[in-house]
Ligand code: TYD
């Protein structure tokens, strides 16, 4: 499997009448070591999160509960991914503009990140991103 581009990755799932279980191992199911984990929740209807790119950070996004969309843009084309199962995740390479939108009520977005939080890694200006794709 190549991880050069954004893609949906199916995670192991252990279906059980007692309840289901899925798992993520760093450098195995996802192509990076996890330095940070954060989650986005209690998103009011219609709100948009993200809306930026990272110079170096890679991410893996899972809809642990509910559903939402991730709009990705590499500066040339855009692609919309829908996440609505907790055993699928979206790999987001570095240098890609990404926006999270259409959160369902009570949805939870789990984000695994390859770097520690660093504001200088963010690209917030879409115009300069388009002019200088990473
Ligand atoms: P931001 O990355 O801009 O959120 P989103 O991409 O969803 O719009 O982060 C929002 C705020 O949270 C910002 O003030 C920085 C802070 N933050 C941290 O302190 N640590 C983190 O790991 C992240 C992702 C954000």
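Numbering (the working numbering), first residue to last: 1 to 134. All C-beta atoms, glycine included, are put in the ideal place defined by N, C-alpha and C.
Classification of residue i by the beta-carbon crowding that lies within 10 angstroms, buried from 16 upward
i	result
residue 20	exposed
residue 93	buried
residue 58	buried
residue 120	exposed
residue 77	exposed
residue 51	exposed
residue 38	exposed
residue 2	Residue placement at residue 2 is poorly supported in this model, since its pLDDT is 35, which falls under 50; the coordinates are not used for a value here.
Paired residues, beta bridge with residue i - DSSP
i	result
residue 13	22
residue 81	70
residue 37	112
residue 49	100
residue 120	Partner(s): none; residue 120 has no beta bridge.
residue 43	Looking at the DSSP assignment, residue 43 forms no beta bridge with any residue, so it has no partner.
residue 107	None, per the DSSP bridge assignment.
Alpha-carbon spacing of residue i relative to residue j, whole angstroms
i	j	result
residue 100	residue 49	5 Å
residue 95	residue 122	10 Å
residue 124	residue 62	23 Å
residue 36	residue 118	11 Å
residue 133	residue 25	30 Å
residue 87	residue 113	18 Å
residue 130	residue 18	49 Å
residue 15	residue 33	27 Å
residue 126	residue 54	12 Å
residue 142	residue 10	Residue 142 lies beyond the residue range present for the chain, which begins at 1 and ends at 134; the question has no answer from this structure.
Under the three-state DSSP convention, the category residue i falls into
i	result
residue 60	strand
residue 128	helix
residue 5	coil
message = Check whether the segment 61 to 75 and the segment 97 to 112 touch, using three or more Cβ-Cβ pairs below 8 Å as the test.
response = Cβ pair count under 8 Å is three or more, so yes.
inquiry  = With three or more beta-carbon pairs closer than 8 Å as the criterion, would you say the segment 29 to 47 touches the segment 72 to 86?
reply    = Judged by Cβ distances under 8 Å, the segment 29 to 47 makes no contact with the segment 72 to 86, as fewer than three pairs qualify.
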